[in-house]
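Participant: Quick mapping for you: the protein sequence lines, in order, are chains A and B. First residue of the first sequence: 1, per the working numbering; consecutive thereafter. First residue of the second sequence: 112, per the working numbering; consecutive thereafter. Built from N, CA and C at the ideal position, the CB exists for glycine as well. Once you've had a glance at the structure underneath, I'll fire off some questions.
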Amino acid sequence: KQEVTQIPAALSVPEGENLVLNCSFTDSAIYNLQWFRQDPGKGLTSLLLIQSSQREQTSGRLNASLDKSSGRSTLYIAASQPGDSATYLCAVTGTASKLTFGTGTRLQVTL
Amino acid sequence: DAGVIQSPRHEVTEMGQEVTLRCKPISGHDYLFWYRQTMMRGLELLIYFNNNVPIDDSGMPEDRFSAKMPNASFSTLKIQPSEPRDSAVYFCASSLGRVIRGNTEAFFGQGTRLTVV
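Right, here's the structure in full:
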């Protein structure tokens, strides 16, 4: 059974700092890994999708990497802003075509 | 496309009542997922469909929960009878899985916040 873990569970950083969120998964037989953002009381917004054949994806200040063999992904956020404050979730799509979610990292960027 | 549309956004009901949650996936998507989110357990997959056919319902908590997808543009999740422990946010998501498996980006609705009192 696929298990996805995110570390840390919560993180607080001052504005402008670069930061890294971690995601690990136990079964490397995945089709892709997706990073989502969730604001309080809201739905999930897809940020980046990395296919299993890819090593990284970039969108603006976000960069996600994938090391499938070791079961790890990182989400790098450059020059953090208060508007980045949210919960970040990673999810992997396995051979059964279903997404398995991590536990999430709650990020707070302070002024 | 307006994205995945869920209704209602909020539902408050009394214990024992029937609750029906609705979802309209993105047009053309062939996978539909129902998730439940709670503080204690995070996001849990309840059931998912491929081409309107239920593929895996192992996440459905018990017989009180049922889901249907009568056509490609509509799905329901029903709880009968509802209990206070069913209180959670229920999300519907859809994706396109036919073409290239690696690019099956999932899109989520805004969720239905269910409160059973």
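1) Give me the subset of the region 73–95 of chain A whose CB atoms are less than 8 Å from a CB atom of chain B, sorted by chain position.
2) Could you say which of A113(B), S138(B), F160(B), A199(B) lies nearest to L99(A) if we only look at CA atoms?
3) Using the C-alpha atoms, what's the distance from V115(B) back to E140(B)?
4) Suppose you measure from the CA of Y31(A) to the CA of T87(A); what does that come to, to the nearest Å?
5) Determine the chain B residues that contact K42(A) at a beta-carbon separation under 9 Å, and present them in chain order.
6) For V123(B), tell me which candidate among G208(B), P136(B), V200(B), F185(B) has the shortest Cα-Cα distance.
7) Would DSSP call G43(A) helix, strand or coil?
8) For chain B, check one thing: does any of its Cβ atoms lie closer than 8 Å to the Cβ of F25(A)?
9) Which partner residues does Y31(A) have in the DSSP bridge list?
10) How many whole angstroms separate the CB atoms of F157(B) and Y146(B), which I take to be in contact at a CB cut-off of 8 Å?
11) Since I believe Q6(A) is in contact with T103(A) (beta carbons under 8 Å), could you give me their beta-carbon distance rounded to a whole number of angstroms?
12) How would you list, in chain order, the residues of chain B whose beta-carbon sits under 7 Å from the beta-carbon of K68(A)?
13) What did DSSP end up calling G67(A) once you bin it into helix, strand or coil?
14) Using a Cβ-Cβ cut-off of less than 9 Å, give me the residues of the region 96–111 of chain A that come near chain B, in sequence order.
15) According to DSSP, is P14(A) helix, strand or coil?
16) Taking only three categories from DSSP, how would you classify V210(B)?
17) Applying the criterion that 16 or more other CB atoms from any shown protein chain within 10 Å of the CB defines a buried residue, is P195(B) buried or exposed?
18) Give every residue of the same chain whose Cβ lies closer than 6 Å to the Cβ of L44(A), excluding the five residues on either side of it in the sequence, and list them in chain order.
19) How would you list, in chain order, the residues of chain B whose beta-carbon sits under 9 Å from the beta-carbon of S46(A)?
20) Tell me, which residues are paired with L188(B) by DSSP?
21) For L111(A), I'd like the list of residues in its chain whose CB is within less than 7 Å of its CB, leaving aside the five on either flank, ordered along the chain.
Facilitator: In terms of the structure at hand:
1) L89, A91, T93
2) The count along the first sequence starts at 1 and reaches residue 99(A) at position 99. L99(A) has its Cα closest to that of F160(B), out of A113(B), S138(B), F160(B), A199(B).
3) The residue you call residue 140(B) lines up with position 29 of the second sequence. The residue you call residue 115(B) lines up with position 4 of the second sequence. Checking the sequence, you will find His at residue 140(B) rather than Glu. Their backbone Cα atoms lie some 10 Å apart in a straight line.
4) Along the first sequence, read from residue 1 onward, the residue named residue 31(A) stands at position 31. Along the first sequence, read from residue 1 onward, the residue named residue 87(A) stands at position 87. Distance between the alpha carbons of Y31(A) and T87(A): 24 Å.
5) Numbered from 1 along the first sequence, position 42 holds the residue referred to as residue 42(A). Result: Q221, G222.
6) Residue mapping note: residue 123(B) aligns to position 12 of the second sequence, counting from 1. Among G208(B), P136(B), V200(B), F185(B), the Cα nearest to that of V123(B) belongs to V200(B).
7) By 1-based counting over the first sequence, the position of residue 43(A) is 43. DSSP places G43(A) in coil when its eight states are reduced to three.
8) Position 25 of the first sequence, counted from the start, is the residue given in the question as residue 25(A). Not one chain B Cβ lies under 8 Å of F25(A).
9) Residue 31(A) sits at position 31 when you count from the first residue of the first sequence. Its beta-bridge partners do not exist; DSSP assigns none.
10) In the second sequence, residue 157(B) corresponds to position 46, counting from 1. In the second sequence, residue 146(B) corresponds to position 35, counting from 1. Note that residue 157(B) is Leu in the sequence shown, not Phe. That pair is a contact at about 6 Å.
11) The residue labelled residue 103(A) in the question sits at position 103 within the first sequence. The residue labelled residue 6(A) in the question sits at position 6 within the first sequence. At roughly 5 Å, the Cβ-Cβ gap stays under 8 Å, so T103(A) and Q6(A) are in contact.
12) Position 68 of the first sequence, counted from the start, is the residue given in the question as residue 68(A). Simply none; closest approach about 11 Å.
13) Your numbering for residue 67(A) matches position 67 in the first sequence. In the sequence under discussion, the amino acid at residue 67(A) is Asp, which differs from the Gly named in the question. DSSP, read as helix, strand or coil, puts D67(A) in strand.
14) Look at the region 96–111 of chain A: the residues with a C-beta under 9 Å from a C-beta of chain B are A96, S97, K98, L99, T100, F101, G102, T103, G104.
15) Taking the first sequence and counting its residues from 1, the one referred to as residue 14(A) is at position 14. Three-state result, P14(A): strand.
16) To locate residue 210(B), count along the second sequence from 1; it is residue 99. Since pLDDT at V210(B) reaches only 45, below the 50 mark, its modelled position is unreliable, and the value read off the structure follows with that caveat. Note: V210(B) maps to coil in three-state DSSP.
17) Sequence index remark: in the second sequence, residue 195(B) carries index 84 (1-based). By the neighbour-count rule (16 or more Cβ atoms within 10 Å), P195(B) is not buried but exposed.
18) Locating residue 44(A) in the first sequence gives position 44, counting from the first residue. Result list for L44(A): F36, Q38, in chain order.
19) Sequence index remark: in the first sequence, residue 46(A) carries index 46 (1-based). Here the neighbours are E216, A217, F218, F219.
20) As a first step, residue 188(B) must be located in the second sequence, where it is residue number 77. DSSP lists L132(B), A178(B) as partners of L188(B).
21) Here residue 111(A) is taken as the residue at index 111 of the first sequence, counted from 1. Correct list, in chain order: E15, P82.
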